[in-house]
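Novice: Numbering (my numbering), first residue to last: 1 to 123. All C-beta atoms, glycine included, are put in the ideal place defined by N, C-alpha and C.
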């Protein structure tokens, strides 16, 4: 389930087409109908946390690799530039993956909610 989520697929069924572009996730999976948002105000706070942890880990990792690769005379300008580039680009690249990964983690601990289930309860 988590491997499908990292591939930007529906964690429940593995279908493609969960996104309408890079930043916009559909309301539900086109194949199985699972809701991508639990309609809770802070639902994707976990996705933000996952994105932050991955992005900042990459930025620190790149900085450490540059220092180790240029040791004993570290190139601090290159270290700063590489870390800054990762700190800016990694959250953008990881954004959709963090959303599907959080949905996958949520599905591991809570039962799925489908679009047709909420249509009845909203009426």
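Does the Cβ-Cβ distance between residue 12 and residue 1 come in under 9 Å?
Specialist: In contact: residue 12 and residue 1 (Cβ atoms closer than 9 Å).
Novice: Roughly how many angstroms lie between the CA atoms of residue 55 and residue 17, to the nearest whole one?
Specialist: Answer to the nearest angstrom: the Cα atoms are 24 Å apart.
Novice: Between residue 116 and the ligand SAM, is the CB less than 8 Å from at least one heavy atom?
Specialist: In terms of ligand content, the structure shown is empty, and the ligand SAM therefore cannot be addressed.
Novice: Do the CB positions of residue 90 and residue 69 come within less than 9 Å of each other?
Specialist: Not closer than 9 Å, so no.
Novice: Would you tell me roughly how many angstroms separate the C-alpha atoms of residue 100 and residue 75, rounded to the nearest one?
Specialist: About 37 Å.
Novice: Buried or exposed for residue 9, please, with buried defined as at least 16 other CB atoms from any protein chain shown within 10 angstroms of its CB.
Specialist: Buried is the call here.
Novice: Keeping to the same chain, check which residues put their C-beta closer than 7 Å to that of residue 6; ignore five residues upstream and five downstream.
Specialist: Contacts found: 97, 101.
Novice: Quick one: which unbroken alpha helix (DSSP H) runs of 4-plus residues sit fully inside the region 14-94? Chain order, please.
Specialist: Fully enclosed alpha helix (DSSP H) runs of 4 or longer: 45-69.
Novice: What is the residue span of the alpha helix (DSSP H) that residue 113 lies within?
Specialist: Unbroken run through residue 113: none, as it is neither H nor E.
Novice: Among 25, 57, 65, which residue has its Cα nearest to the Cα of residue 44?
Specialist: When only C-alpha atoms are compared, the closest one is 25.
Novice: Evaluate residue 88 with the Cβ neighbour count: other Cβ atoms within 10 Å of its Cβ, from every protein chain shown; 16 or more gives buried, anything less gives exposed.
Specialist: When all chains shown are included, residue 88 counts as exposed.
Novice: Express the C-alpha separation of residue 95 and residue 115 in angstroms, rounding to a whole number.
Specialist: Going by the C-alpha atoms only, they are around 23 Å apart.
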